[in-house]
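Counting along the sequence shown from 1, when you hit position 223 you're at 225 in the working numbering, and nothing is skipped either side. Where is the CB? At the ideal position from N, CA and C, for every residue including glycine. This structure is a prediction, so every number in the text was calculated from the model and none was measured. Below is one structure, written out as C-alpha coordinates, with a few remarks after it.
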Amino acid sequence: MPPFDRQIKALRALLDHNTIMDKILIIQPAFLGDLILATALIEKLRAYYPSAQIDLLIRKGQGRILKGHPHIHQLLELDRSNKWRSIRQLLAHIRPQNYDLVINCHRHFTAGLLATLSKGKKVVGFKKNPFAWAFSQAEEHIWAEQEVYRNHRLIAAFTDKEAAMPKLYPSAEDWGFVAENYGQKPYITISPASLWETKRLPLAVWAELLQQLPKSLYIYVLGGPADREHAQALVQLAKRPNLYNLAGQHSFLQDVALMKGAKLNYVLDSAPLHICSAIDAPVAAVFCSTSPTYGFGPLSKTQFIIHQQPAPACWPCGSHGYTACPKAHFNCGQIAVMPLLAPLKQLAHELF
(Lines of atoms letter the chains of each structure in order from A; the text may use other names.)
(Lines give C-alpha, C1' and ligand atoms only; values in the text may rest on other atoms or scores of the structure.)
Protein backbone atom coordinates (compact mmCIF):
# COMPACT_ATOMS: atom_id res chain seq x y z
CA MET A 3 0.00 0.00 0.00
CA PRO A 4 1.48 3.42 -0.98
CA PRO A 5 2.36 5.71 1.97
CA PHE A 6 -0.26 8.30 0.93
CA ASP A 7 -3.02 5.67 0.98
CA ARG A 8 -1.91 4.55 4.44
CA GLN A 9 -2.11 8.12 5.69
CA ILE A 10 -5.62 8.53 4.27
CA LYS A 11 -6.71 5.30 5.98
CA ALA A 12 -5.20 6.42 9.25
CA LEU A 13 -7.05 9.73 9.01
CA ARG A 14 -10.32 7.94 8.27
CA ALA A 15 -9.80 5.65 11.24
CA LEU A 16 -9.18 8.66 13.46
CA LEU A 17 -12.32 10.42 12.23
CA ASP A 18 -14.49 7.29 12.29
CA HIS A 19 -13.43 6.04 15.72
CA ASN A 20 -12.17 9.19 17.42
CA THR A 21 -9.16 7.12 18.43
CA ILE A 22 -5.48 8.00 18.67
CA MET A 23 -3.19 4.99 18.45
CA ASP A 24 0.33 5.93 19.43
CA LYS A 25 1.10 2.69 21.28
CA ILE A 26 -0.39 -0.75 20.63
CA LEU A 27 0.32 -4.07 22.37
CA ILE A 28 -0.63 -7.44 20.87
CA ILE A 29 -0.62 -10.40 23.25
CA GLN A 30 -0.19 -13.87 21.72
CA PRO A 31 1.88 -16.23 23.93
CA ALA A 32 0.61 -19.43 22.27
CA PHE A 33 2.49 -21.83 20.00
CA LEU A 34 4.47 -20.76 16.95
CA GLY A 35 1.69 -21.30 14.42
CA ASP A 36 -0.72 -19.07 16.35
CA LEU A 37 1.98 -16.41 16.58
CA ILE A 38 2.56 -16.48 12.83
CA LEU A 39 -1.16 -16.01 12.17
CA ALA A 40 -1.24 -13.09 14.61
CA THR A 41 1.17 -11.18 12.37
CA ALA A 42 -1.86 -10.37 10.22
CA LEU A 43 -2.92 -7.94 12.96
CA ILE A 44 0.43 -6.17 12.72
CA GLU A 45 0.04 -5.73 8.96
CA LYS A 46 -3.45 -4.27 9.32
CA LEU A 47 -2.62 -1.98 12.22
CA ARG A 48 0.51 -0.68 10.49
CA ALA A 49 -1.55 0.21 7.40
CA TYR A 50 -3.99 2.22 9.50
CA TYR A 51 -1.57 3.66 12.04
CA PRO A 52 1.75 4.09 10.21
CA SER A 53 3.46 5.94 13.05
CA ALA A 54 2.19 3.80 15.95
CA GLN A 55 4.54 1.84 18.20
CA ILE A 56 3.43 -1.80 17.87
CA ASP A 57 4.75 -4.18 20.52
CA LEU A 58 4.18 -7.93 20.63
CA LEU A 59 4.11 -10.19 23.68
CA ILE A 60 5.01 -13.79 22.85
CA ARG A 61 6.07 -17.07 24.42
CA LYS A 62 9.76 -17.09 25.28
CA GLY A 63 11.97 -18.58 22.58
CA GLN A 64 9.74 -17.92 19.58
CA GLY A 65 11.07 -14.54 18.54
CA ARG A 66 13.57 -15.87 16.01
CA ILE A 67 10.94 -16.18 13.30
CA LEU A 68 10.19 -12.46 13.72
CA LYS A 69 13.82 -11.38 13.34
CA GLY A 70 14.05 -8.23 11.25
CA HIS A 71 10.29 -7.64 11.22
CA PRO A 72 9.96 -4.02 10.06
CA HIS A 73 6.71 -3.24 11.90
CA ILE A 74 7.46 -4.54 15.41
CA HIS A 75 8.90 -2.00 17.82
CA GLN A 76 9.58 -4.40 20.71
CA LEU A 77 9.19 -8.09 21.48
CA LEU A 78 8.21 -8.98 25.05
CA GLU A 79 8.56 -12.59 26.21
CA LEU A 80 6.50 -14.60 28.68
CA ASP A 81 8.69 -17.21 30.38
CA ARG A 82 6.35 -20.07 31.26
CA SER A 83 9.09 -21.90 33.18
CA ASN A 84 8.80 -19.20 35.88
CA LYS A 85 5.37 -17.86 35.03
CA TRP A 86 4.51 -15.68 38.02
CA ARG A 87 7.89 -14.00 38.15
CA SER A 88 7.66 -13.37 34.41
CA ILE A 89 4.16 -11.90 34.78
CA ARG A 90 5.36 -9.48 37.44
CA GLN A 91 8.31 -8.40 35.31
CA LEU A 92 6.15 -7.96 32.23
CA LEU A 93 3.57 -5.87 34.06
CA ALA A 94 6.31 -3.68 35.52
CA HIS A 95 7.33 -2.92 31.94
CA ILE A 96 3.88 -2.80 30.33
CA ARG A 97 1.92 -0.64 32.76
CA PRO A 98 4.06 2.54 32.42
CA GLN A 99 3.72 2.35 28.62
CA ASN A 100 0.09 3.53 28.78
CA TYR A 101 -0.87 1.60 25.66
CA ASP A 102 -3.74 3.10 23.69
CA LEU A 103 -4.85 -0.38 22.61
CA VAL A 104 -4.12 -3.83 24.06
CA ILE A 105 -5.22 -6.76 21.89
CA ASN A 106 -5.35 -10.18 23.54
CA CYS A 107 -5.56 -12.97 20.95
CA HIS A 108 -5.35 -15.74 23.55
CA ARG A 109 -8.29 -17.39 25.27
CA HIS A 110 -6.54 -18.48 28.45
CA PHE A 111 -5.90 -17.14 31.95
CA THR A 112 -2.36 -15.77 31.79
CA ALA A 113 -2.84 -13.65 28.68
CA GLY A 114 -6.15 -12.38 30.04
CA LEU A 115 -4.52 -11.40 33.32
CA LEU A 116 -1.75 -9.52 31.53
CA ALA A 117 -4.25 -7.70 29.34
CA THR A 118 -6.51 -6.80 32.26
CA LEU A 119 -3.67 -5.45 34.40
CA SER A 120 -1.90 -3.70 31.51
CA LYS A 121 -3.48 -0.28 32.18
CA GLY A 122 -4.30 -0.13 28.48
CA LYS A 123 -6.80 2.58 27.56
CA LYS A 124 -8.72 0.03 25.50
CA VAL A 125 -8.40 -3.73 26.02
CA VAL A 126 -9.97 -6.15 23.55
CA GLY A 127 -10.14 -9.94 23.55
CA PHE A 128 -12.43 -12.95 23.23
CA LYS A 129 -15.44 -13.72 25.38
CA LYS A 130 -13.99 -17.17 26.12
CA ASN A 131 -11.18 -15.59 28.12
CA PRO A 132 -11.84 -15.77 31.89
CA PHE A 133 -11.06 -12.02 32.15
CA ALA A 134 -13.43 -11.02 29.34
CA TRP A 135 -15.65 -9.24 31.88
CA ALA A 136 -12.87 -6.70 32.40
CA PHE A 137 -12.15 -6.02 28.71
CA SER A 138 -13.33 -2.85 26.99
CA GLN A 139 -14.58 -5.02 24.14
CA ALA A 140 -15.06 -8.80 23.95
CA GLU A 141 -15.75 -10.72 20.75
CA GLU A 142 -17.17 -14.18 20.22
CA HIS A 143 -14.58 -16.88 19.57
CA ILE A 144 -16.08 -18.87 16.68
CA TRP A 145 -14.23 -22.12 16.04
CA ALA A 146 -15.40 -22.46 12.43
CA GLU A 147 -13.84 -19.10 11.53
CA GLN A 148 -10.27 -19.09 10.24
CA GLU A 149 -7.94 -17.74 12.94
CA VAL A 150 -6.83 -14.72 10.90
CA TYR A 151 -10.43 -13.58 10.39
CA ARG A 152 -11.30 -14.49 13.98
CA ASN A 153 -8.48 -12.32 15.30
CA HIS A 154 -9.32 -9.52 12.92
CA ARG A 155 -12.70 -9.01 14.56
CA LEU A 156 -10.77 -7.78 17.60
CA ILE A 157 -9.51 -4.77 15.64
CA ALA A 158 -12.27 -4.26 13.06
CA ALA A 159 -13.70 -1.39 15.12
CA PHE A 160 -10.33 0.38 14.89
CA THR A 161 -9.62 -0.39 11.22
CA ASP A 162 -12.21 -1.87 8.84
CA LYS A 163 -13.88 -5.20 8.11
CA GLU A 164 -11.22 -6.55 5.74
CA ALA A 165 -8.53 -8.71 7.34
CA ALA A 166 -4.90 -8.54 6.30
CA MET A 167 -2.87 -11.68 5.68
CA PRO A 168 -0.04 -12.84 7.98
CA LYS A 169 3.46 -12.05 6.80
CA LEU A 170 7.05 -13.01 7.61
CA TYR A 171 10.18 -11.19 6.55
CA PRO A 172 13.24 -13.25 5.55
CA SER A 173 16.25 -11.02 4.97
CA ALA A 174 18.04 -10.48 1.68
CA GLU A 175 20.73 -12.81 3.05
CA ASP A 176 18.12 -15.52 3.69
CA TRP A 177 16.76 -15.28 0.15
CA GLY A 178 20.28 -15.24 -1.25
CA PHE A 179 21.30 -18.30 0.76
CA VAL A 180 18.37 -20.30 -0.61
CA ALA A 181 18.87 -19.12 -4.19
CA GLU A 182 22.55 -20.05 -4.10
CA ASN A 183 22.17 -23.45 -2.46
CA TYR A 184 18.77 -24.72 -3.57
CA GLY A 185 17.63 -22.64 -6.52
CA GLN A 186 19.03 -24.74 -9.35
CA LYS A 187 16.40 -27.50 -9.57
CA PRO A 188 12.70 -27.86 -8.72
CA TYR A 189 12.07 -29.26 -5.25
CA ILE A 190 9.40 -29.99 -2.69
CA THR A 191 9.59 -29.96 1.10
CA ILE A 192 8.12 -32.18 3.78
CA SER A 193 7.71 -31.13 7.42
CA PRO A 194 6.78 -34.43 9.14
CA ALA A 195 7.15 -33.44 12.80
CA SER A 196 4.70 -32.09 15.36
CA LEU A 197 4.68 -31.65 19.12
CA TRP A 198 1.60 -33.89 19.16
CA GLU A 199 1.82 -37.53 18.16
CA THR A 200 -1.74 -37.67 16.80
CA LYS A 201 -1.00 -34.81 14.40
CA ARG A 202 1.84 -36.82 12.84
CA LEU A 203 1.30 -38.86 9.72
CA PRO A 204 3.07 -42.21 10.27
CA LEU A 205 6.54 -42.29 8.72
CA ALA A 206 5.62 -45.43 6.80
CA VAL A 207 2.94 -43.46 4.91
CA TRP A 208 5.36 -40.64 4.12
CA ALA A 209 7.96 -43.17 2.97
CA GLU A 210 5.49 -44.88 0.64
CA LEU A 211 4.65 -41.51 -0.90
CA LEU A 212 8.31 -40.62 -1.42
CA GLN A 213 9.08 -43.98 -2.99
CA GLN A 214 6.47 -43.32 -5.68
CA LEU A 215 7.87 -39.95 -6.71
CA PRO A 216 10.37 -39.62 -9.59
CA LYS A 217 13.90 -40.30 -8.40
CA SER A 218 15.09 -37.08 -10.04
CA LEU A 219 12.87 -34.91 -7.81
CA TYR A 220 14.69 -33.16 -4.97
CA ILE A 221 12.96 -33.51 -1.61
CA TYR A 222 13.99 -31.62 1.52
CA VAL A 223 12.81 -32.74 4.95
CA LEU A 224 12.44 -29.74 7.25
CA GLY A 225 12.10 -29.17 10.98
CA GLY A 226 13.89 -27.77 13.99
CA PRO A 227 16.89 -29.25 15.81
CA ALA A 228 14.57 -31.37 17.98
CA ASP A 229 13.05 -32.89 14.82
CA ARG A 230 16.30 -34.05 13.24
CA GLU A 231 16.11 -37.62 14.52
CA HIS A 232 12.49 -37.96 13.32
CA ALA A 233 13.45 -36.55 9.92
CA GLN A 234 16.43 -38.90 9.65
CA ALA A 235 14.19 -41.87 10.38
CA LEU A 236 12.08 -40.87 7.37
CA VAL A 237 15.13 -40.55 5.13
CA GLN A 238 16.35 -44.01 6.14
CA LEU A 239 12.91 -45.56 5.71
CA ALA A 240 12.24 -44.05 2.27
CA LYS A 241 15.62 -45.14 0.82
CA ARG A 242 15.53 -42.97 -2.28
CA PRO A 243 17.97 -40.61 -4.00
CA ASN A 244 17.78 -36.81 -3.76
CA LEU A 245 16.13 -36.93 -0.34
CA TYR A 246 17.87 -34.74 2.25
CA ASN A 247 17.39 -34.20 5.96
CA LEU A 248 17.68 -30.44 6.57
CA ALA A 249 16.00 -30.42 9.98
CA GLY A 250 17.89 -28.11 12.30
CA GLN A 251 20.35 -27.08 9.59
CA HIS A 252 18.97 -23.60 8.86
CA SER A 253 17.61 -20.61 10.70
CA PHE A 254 13.83 -20.24 10.90
CA LEU A 255 13.80 -17.58 8.21
CA GLN A 256 16.08 -19.55 5.89
CA ASP A 257 13.54 -22.36 6.05
CA VAL A 258 10.80 -19.81 5.34
CA ALA A 259 12.63 -18.69 2.21
CA LEU A 260 13.23 -22.33 1.22
CA MET A 261 9.51 -23.11 1.52
CA LYS A 262 8.61 -20.11 -0.61
CA GLY A 263 10.73 -21.49 -3.44
CA ALA A 264 9.27 -25.00 -3.27
CA LYS A 265 6.87 -26.28 -5.90
CA LEU A 266 4.89 -27.84 -3.03
CA ASN A 267 5.23 -28.05 0.75
CA TYR A 268 3.77 -31.06 2.57
CA VAL A 269 2.89 -30.04 6.10
CA LEU A 270 0.85 -31.17 9.08
CA ASP A 271 -1.47 -29.10 11.27
CA SER A 272 1.53 -27.29 12.74
CA ALA A 273 3.68 -24.18 12.31
CA PRO A 274 4.95 -24.95 8.76
CA LEU A 275 1.34 -24.81 7.54
CA HIS A 276 1.05 -21.24 8.81
CA ILE A 277 4.47 -20.33 7.44
CA CYS A 278 3.09 -21.23 4.02
CA SER A 279 0.10 -18.97 4.66
CA ALA A 280 2.40 -16.09 5.65
CA ILE A 281 4.44 -16.31 2.44
CA ASP A 282 1.71 -17.62 0.10
CA ALA A 283 3.68 -20.80 -0.62
CA PRO A 284 1.96 -23.80 -2.26
CA VAL A 285 0.88 -26.23 0.43
CA ALA A 286 -0.58 -29.70 0.92
CA ALA A 287 -1.91 -29.72 4.48
CA VAL A 288 -2.34 -33.16 6.04
CA PHE A 289 -4.77 -33.39 8.95
CA CYS A 290 -4.77 -36.50 11.13
CA SER A 291 -6.60 -36.08 14.47
CA THR A 292 -7.45 -32.40 13.94
CA SER A 293 -9.45 -30.60 11.27
CA PRO A 294 -9.31 -27.27 9.42
CA THR A 295 -12.81 -26.63 10.74
CA TYR A 296 -11.21 -25.39 13.98
CA GLY A 297 -9.92 -22.34 12.13
CA PHE A 298 -6.34 -23.33 11.35
CA GLY A 299 -6.58 -24.30 7.70
CA PRO A 300 -4.32 -23.00 4.91
CA LEU A 301 -4.56 -19.51 3.39
CA SER A 302 -2.19 -19.98 0.44
CA LYS A 303 -3.62 -19.45 -3.03
CA THR A 304 -2.38 -22.92 -4.04
CA GLN A 305 -3.61 -25.23 -1.32
CA PHE A 306 -4.68 -28.83 -0.86
CA ILE A 307 -6.31 -30.29 2.25
CA ILE A 308 -5.83 -34.01 2.87
CA HIS A 309 -7.40 -36.19 5.55
CA GLN A 310 -8.69 -39.72 5.93
CA GLN A 311 -11.61 -40.49 3.61
CA PRO A 312 -14.14 -41.48 4.71
CA ALA A 313 -13.42 -39.76 8.00
CA PRO A 314 -13.62 -41.95 11.13
CA ALA A 315 -16.72 -41.37 13.24
CA CYS A 316 -14.53 -39.95 16.04
CA TRP A 317 -12.81 -37.40 13.77
CA PRO A 318 -11.80 -34.77 14.68
CA CYS A 319 -11.15 -35.56 18.32
CA GLY A 320 -10.12 -32.05 19.38
CA SER A 321 -8.52 -28.79 18.34
CA HIS A 322 -5.15 -29.91 19.74
CA GLY A 323 -3.34 -33.17 19.27
CA TYR A 324 -2.66 -35.89 21.83
CA THR A 325 0.36 -37.95 22.80
CA ALA A 326 -1.63 -41.02 21.72
CA CYS A 327 -4.96 -41.76 20.06
CA PRO A 328 -7.70 -41.61 22.75
CA LYS A 329 -9.31 -44.69 21.19
CA ALA A 330 -6.01 -46.51 20.58
CA HIS A 331 -6.59 -47.14 16.85
CA PHE A 332 -5.38 -43.90 15.15
CA ASN A 333 -7.49 -44.59 12.07
CA CYS A 334 -7.31 -40.92 11.10
CA GLY A 335 -3.59 -41.34 10.43
CA GLN A 336 -3.97 -44.23 7.98
CA ILE A 337 -4.26 -41.98 4.94
CA ALA A 338 -3.80 -43.69 1.58
CA VAL A 339 -0.99 -42.63 -0.73
CA MET A 340 -3.23 -41.66 -3.66
CA PRO A 341 -4.71 -38.57 -1.94
CA LEU A 342 -1.18 -37.55 -1.00
CA LEU A 343 -0.02 -37.92 -4.60
CA ALA A 344 -2.95 -35.99 -6.05
CA PRO A 345 -1.55 -32.47 -5.44
CA LEU A 346 1.72 -33.33 -7.18
CA LYS A 347 -0.15 -34.73 -10.16
CA GLN A 348 -1.98 -31.41 -10.48
CA LEU A 349 1.34 -29.56 -10.35
CA ALA A 350 3.23 -32.01 -12.59
CA HIS A 351 3.68 -29.41 -15.36
CA GLU A 352 5.83 -27.35 -12.97
CA LEU A 353 7.91 -30.27 -11.74
CA PHE A 354 8.67 -32.65 -14.58
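Query                                                                                                                                                                                        : Result
Which residues in the same chain have their Cβ closer than 6 Å to the Cβ of residue 39, if we skip the five residues on either side of it in sequence?                                       : 149, 150, 168 and 276
State the CB to CB distance for the pair residue 29 and residue 116, rounded to an integer number of angstroms; the pair is presumed to be in contact (CB under 8 Å).                        : 6 Å
Rounded C-beta distance between residue 214 and residue 349? I'm assuming under 8 Å.                                                                                                         : The pair is not a contact, with the Cβ atoms about 15 Å apart (cut-off 8 Å).
Among 63, 281 and 113, which one has its Cα closest to the Cα of residue 305?                                                                                                                : 281
Quick test of your reading: residue 247 and residue 269, contact by CB under 8 Å. State the CB separation rounded to the nearest angstrom.                                                   : So it is not a contact: roughly 16 Å between Cβ atoms.
Can you find the residues in the same chain that come closer than 7 Å, C-beta to C-beta, to residue 88, ignoring five residues on each side of it along the sequence?                        : 80 and 81
Please work out which residues of its chain come closer than 7 Å, Cβ to Cβ, to residue 345, disregarding the five sequence neighbours upstream and downstream, and give them in chain order. : 266, 286 and 306
Since residue 131 is in the beta strand (DSSP E), which residue starts that stretch and which ends it?                                                                                       : Premise fails: residue 131 is in no beta strand (DSSP E) and is neither H nor E.
Assuming residue 335 contacts residue 203 under a Cβ cut-off of 8 Å, what Cβ separation, rounded to an integer in Å, is found between them?                                                  : 6 Å
Leaving out the 5 sequence neighbours to the left and right, which residues in its chain are closer than 8 Å to residue 309 when beta-carbon positions are compared?                         : 288, 289, 290, 293, 317, 334 and 337
Keeping to the same chain, check which residues put their C-beta closer than 7 Å to that of residue 329; ignore five residues upstream and five downstream.                                  : 316
Can you give me the start and stop residues for the beta strand (DSSP E) that residue 329 sits inside?                                                                                       : Counting along the chain, residue 329 falls outside any beta strand (DSSP E), and DSSP gives it neither H nor E.
Taking Cβ positions, are residue 260 and residue 69 nearer each other than 8 Å?                                                                                                              : no
Between which two residues does the beta strand (DSSP E) containing residue 372 stretch?                                                                                                     : No statement about residue 372 is possible, as the shown extent of the chain runs from 3 to 354 and does not include it.
Determine, using beta carbons only, whether residue 225 and residue 253 come nearer to each other than 8 Å.                                                                                  : no
I need the DSSP call for residue 221, collapsed to helix, strand or coil.                                                                                                                    : strand
Which residues bound the beta strand (DSSP E) around residue 102?                                                                                                                            : Unbroken run through residue 102: none, as it is neither H nor E.
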